[in-house]
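Asks:
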Ligand code: FAD
């Protein structure tokens, strides 16, 4: 018999991982009295796998969470020990901020943020059941016999639902190494008649950094000027460190090939589907058989630990084989393994059972977010947590739903992908998933989403003031630039090469040229000389893309008009130059009958659709 022990809340969030933390903070920021119910306080903000946040596509998600006043970006900035902007040499649209984090600092910063958040209580305990009145969830029951009641419940239990850990042929029930699985709750979810599946993921062995021969390895430092995640952060707080780089070799691959039958993934012990984009080393050796070397990044897990995370060699081989292949790698000949790599298999819910708020369509007031929905990665989990937390609070407080769309954010792209297409393998964010990636950049996430956050009422005063101040400065600079009307001769006289075509150009027109810098334009309008570097950079980025975005919008409109155009069943996608091999493969498999169907193929972009359309026109 359960008894009520706790206060009544507006929102309960179950699970204190990345989805749960973000969900709980989002609900509390909305003003909802929120309970974060999790197995242990000590587990809040734990990074189960690699000690890093961000990257391509994922960094965009973190910036968007931050633009909504979420916590992940600020916490990562406090814990970051190496910041790098990936794709720095390419355009801002595909650049991704990434930080390697000190695990302990990350956890401590997340806990500090959580304890300091008004409206948010942490309750330690294992949730074993939901409380339902008919189809409406109104709380959870804990293993100690107590109940917590609320208007809405958000479930974010990650890899814990019927989790099974595999190392070679040994298997053990667990949510991740060192944590017990959620079996009773999984059995309860069975009763909700939701479509369930099984997925798997893996992690590499951890090494003792004092036993690595760093002296013979290449070192990879971070950027000299760290690119932070949060629009509010000013500087990296923690000491910055370098990573090491080494490579697997023919001997490593031979050891792995000889022992494939002993791998949990290859020995037939695991049914779940694994992440194609974070393959295990067994996967890499089999799938890329022609390659005799793969890069391994040796990432320190923190400033006060010797543990090193060898990024790129996750595995489910037995411990003795892990030791043998590790010792075959340059610099790791004497490396001590402090924790073996393992694979984990777990239940997930087909996210097509959810709506755009991440609410379960068949139950009222129940939301799911994070890895439980078939995604992989901290950032994907946190972004879903934000969506579910905001909407669970909106229901509890009787406010409008908070919906993200494919045109305003990567968050919207992910939610739409998950809820309309489902997942065939663990879903990870990439820039290629966003049709509108020229406008959905990491650098302008605040311009896209902070107004929505202000309207939604989930934003603190500090951010609102900072954002409005920044936008006022940007608008002022744009106005001055827009009012300039310069002849080609005047432009040339300032040392900027332009066609001598008689056209007058504004300052924004000039900044649209890749190689014209803000400082070049300042020489034409001294009134701009005091512009802060951050404002100058933003105006430059926006100007570069303004023309492309206008063209993209025209293409999108044209495609919308042509959606019904048929694609013959023998249409040869392979002949299209400019389509990636991955996309060609997906189109061959999906065999879309018209452009509208082709547009829904995973990874499709307006540019790729335009290619198909023009070939169809040539053929007709
Ligand atoms: P989690 O971070 O797992 O958090 C779940 C939380 O729920 C925990 O706090 C837990 O204590 C709590 N909980 C569970 N059940 C209950 C219950 N019944 N009652 C109360 N609390 C409960 N991501 C990548 O991007 N790349 C990778 O290569 C990768 N490899 C991974 C390898 C392994 C072995 C694991 C375990 C994870 C890996 N990940 C990887 C995934 C990454 O860790 C997750 O995507 C991310 O942590 C998911 O966040 P989440 O909040 O959904 O769940």
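In full-length UniProt numbering, the protein residues as written are 1 to 620.
A virtual CB, placed ideally from N, CA and C, is assigned to each residue, including glycine.
Near residue 1, what residues of its chain come up, given a Cβ to Cβ distance below 8 Å and the 5 sequence neighbours on each side ignored?
Replies: Below a pLDDT of 50, predicted positions are generally treated as unreliable, and residue 1, at 48, falls in that range; the measurement from the model is reported next regardless. Only 145 meet the Cβ criterion.
Asks: Buried or exposed: which applies to residue 14, given that a residue is buried once 16 or more other Cβ atoms fall within 10 Å of its Cβ?
Replies: Buried.
Asks: With a 10 Å radius around its C-beta and 16 neighbouring C-beta atoms as the bar for buried, classify residue 234 as buried or exposed.
Replies: The residue in question, residue 234, is exposed, as its Cβ has fewer than 16 Cβ neighbours within 10 Å.
Asks: Given this structure, state the Cα-to-Cα distance separating residue 57 from residue 336, to the nearest angstrom.
Replies: Going by the C-alpha atoms only, they are around 34 Å apart.
Asks: Ignore the nearest five residues each way along the sequence and tell me which others in residue 545's own chain have a CB closer than 6 Å to its CB.
Replies: Closer than 6 Å at Cβ, skipping near neighbours: 438.
Asks: So does residue 662 have its beta carbon nearer than 7 Å to some heavy atom of the ligand FAD?
Replies: Nothing about residue 662 can be reported from this structure: the residues present for the chain run from 1 to 620 only.
Asks: Mind checking whether the beta-carbon of residue 315 lies closer than 7 Å to any heavy atom of the ligand FAD?
Replies: No, since every heavy atom of the ligand FAD falls outside the 7 Å radius drawn around the Cβ of residue 315.
Asks: How would you label residue 532, buried or exposed, when you count the other beta carbons within 10 angstroms and need 16 or more for buried?
Replies: Exposed.
Asks: Quick check on residue 492: buried or exposed, where buried means 16 or more other Cβ atoms within 10 Å of its Cβ?
Replies: Under this definition residue 492 is an exposed residue.
Asks: How about residue 441 and residue 376: are their beta carbons less than 8 Å apart?
Replies: No, Cβ-Cβ distance for residue 441 and residue 376 is not below 8 Å.
Asks: By the DSSP assignment, the alpha helix (DSSP H) with residue 58 in it spans what residues?
Replies: It spans 58 to 67 - the alpha helix (DSSP H) in which residue 58 sits, taken as one unbroken run.
Asks: Would you call the CB atoms of residue 280 and residue 328 closer than 8 Å?
Replies: Taking 8 Å as the Cβ cut-off, residue 280 and residue 328 do not qualify as a contacting pair.
Asks: According to DSSP, is residue 1 part of a helix, a strand, or is it coil?
Replies: Caution is warranted here: a pLDDT of 48 is assigned to residue 1, below 50, making its placement in the model unreliable, and no coordinate value can be reported.
Asks: Taking C-beta to C-beta, are residue 131 and residue 141 nearer than 8 Å?
Replies: Yes, the pair counts as a contact, with Cβ atoms nearer than the cut-off.
Asks: Count the other C-beta atoms from every protein chain shown that fall within 10 angstroms of the C-beta of residue 216, then say buried if there are 16 or more, exposed otherwise.
Replies: Exposed, by the Cβ-count rule.
Asks: The alpha helix (DSSP H) spanning residue 444 covers which residue range?
Replies: Taken as a continuous stretch (DSSP letters only), residue 444 belongs to no alpha helix (DSSP H), as it is neither H nor E.
Asks: Determine, using beta-carbon pairs with one atom in the stretch 454 to 468 and one in the stretch 557 to 571, whether at least three such pairs fall under 8 Å.
Replies: No, they do not touch.
Asks: Whole-angstrom Cβ separation of residue 346 and residue 206, contact assumed at under 8 Å?
Replies: In fact, because the Cβ distance is near 21 Å, the residues do not count as touching under 8 Å.
Asks: Should residue 330 and residue 223 be called a contact, given that it needs their Cβ atoms to be closer than 8 Å?
Replies: Their beta carbons are not under 8 Å apart, which means residue 330 does not touch residue 223 by this criterion.
Asks: Going by alpha carbons, who is nearest to residue 77 out of 229, 557, 401, 394?
Replies: Per the Cα distances, 229.
Asks: Output yes or no for whether 8 Å exceeds the beta carbon distance between residue 338 and residue 373.
Replies: Against a cut-off of 8 Å, the Cβ pair of residue 373 and residue 338 comes out as no contact.
Asks: Would you check whether the ligand FAD has a heavy atom nearer than 7 Å to the C-beta of residue 14?
Replies: Yes, the ligand FAD has a heavy atom inside 7 Å of this Cβ.
Asks: Going by CA-CA distance only, name the one from 506, 187, 385, 120 that's closest to residue 488.
Replies: Among 506, 187, 385, 120, the Cα nearest to that of residue 488 is on 506.
Asks: Is it the case that the Cβ atoms of residue 572 and residue 606 are separated by a distance below 8 Å?
Replies: In this structure, residue 606 does not lie closer than 8 Å to residue 572 by Cβ.
Asks: Could you name the residues of the same chain whose beta carbon sits closer than 7 Å to that of residue 322, not counting the 5 residues immediately before and after it, in chain order?
Replies: Once the five neighbours on either side are set aside, the close Cβ partners of residue 322 are 205, 315, 337, 340, 341.
Asks: Using CA coordinates, which residue listed in 243, 160, 122 is at the minimum distance from residue 52?
Replies: It is 243.
Asks: Spatial neighbours of residue 450 within its chain, please: CB distance less than 6 Å, with the 5 preceding and 5 following residues excluded, ordered by chain position.
Replies: Cβ within range, chain order: 67, 467.
Asks: My guess is that residue 494 and residue 520 are in contact by the Cβ rule of under 8 Å, so how many angstroms apart are they, rounded?
Replies: Rounded, the Cβ-Cβ distance is 7 Å, consistent with contact.
Asks: My guess is that residue 122 and residue 41 are in contact by the Cβ rule of under 8 Å, so how many angstroms apart are they, rounded?
Replies: Their Cβ separation, rounded to whole angstroms, is 6 Å, which keeps residue 122 and residue 41 in contact under 8 Å.
Asks: Quickly, what does DSSP pair residue 206 with across the bridge? List them, please.
Replies: Answer is 339, bridged to residue 206.
Asks: Taking DSSP's pairing of strands, which residues face residue 566 in a bridge?
Replies: 594.
Asks: Can you name, in chain order, every residue of its own chain whose Cβ lies under 6 Å from the Cβ of residue 151, other than the five neighbours on each side?
Replies: The residues are 10, 396.
Asks: Let me check you understand the geometry: is the CB of residue 683 closer than 7 Å to at least one non-hydrogen atom of the ligand FAD?
Replies: Beyond the ends of the chain as shown, which are 1 and 620, falls residue 683; an answer cannot be given.
Asks: Use the C-beta contact count for residue 420: other C-beta atoms within 10 angstroms, 16 or more gives buried, fewer gives exposed.
Replies: Result: exposed.
Asks: Are the Cβ atoms of residue 128 and residue 35 separated by less than 8 Å?
Replies: Contact: no.
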